[in-house]
Amino acid sequence: MANNLKLAKNLHLDGVYIPSFNKDPLPKIFDKKTFIILGSAHNLNEINQKKKQNVDQLFISPLFKIKKRNYFLGPIKYNILSNQFNKKTIALGGINNKNLKMINKINCYGFASISYIEKYKLNGNR
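Our numbering puts the first residue of the sequence shown at 1, with every later residue one more than the last.
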């Protein structure tokens with residue numbers, strides 16, 4: 001569920017995604033042992049906001065160049081931001097077959113990529 005904590009609770013979901021633009025304080029209506037709050041951030045200010053919101057895991061993006069933006073973090077800036085969060089981070093943005101090995105050089109719990117997965121799933125490649 002994206003950006004709707006009350007609906008997530010009413011539907012008895014086990015988590016919610018809070019996008020970077022949501023800067024509102026989050027209500028304490030969940031059992032943090034069974035409910036995960038996933039957020040996203042692109043810079044240190046947004047990371048600090050997600051820390052205030054008590055986000056459990058964080059997408060940090062974009063790691064690599066993407067079509068929608070002229071900027072990207074790269075591995076060094078990603079690691080600097082990731083170290084500021086002190087919880088699990090997930091790399092996102094611009095991940096492809098050419099730069100996939102760079103994921104091993106960053107401080108992340110995992111990575112997510114729609115275009116990479118779609119491309120290789122459709123083509124039957126690995």
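Heads up, the beta-carbon is just placed ideally off N, CA and C, and yes, glycines get one too.
Check, Outcome
"Among L38, K67, N107 and C108, whose alpha-carbon lies nearest the alpha-carbon of K51?", "L38"
"Taking 6 Å as the limit between beta carbons, can you name the residues of its chain near A2, skipping five residues before and five after?", "Y17"
"Can the beta-carbon of I106 be found closer than 7 Å to that of L81?", "no"
"Are the stretch 12–28 and the stretch 62–75 touching by the rule of at least three beta carbon pairs closer than 8 Å?", "no"
"Are the CB atoms of T89 and L63 nearer to each other than 7 Å?", "no"
"Under a three-way DSSP split, which group does G15 fall into?", "strand"
"Bridge partners for T89 per DSSP, in chain order?", "L58"
"Would the C-beta of N104 count as close to the ligand PLP, meaning under 6 Å from any of its heavy atoms?", "As for the ligand PLP, it is missing from this structure, which has no ligand bound."
"Given that a residue counts as buried once 16 or more other Cβ atoms are within 10 Å of its Cβ, and exposed if not, what is G94?", "buried"
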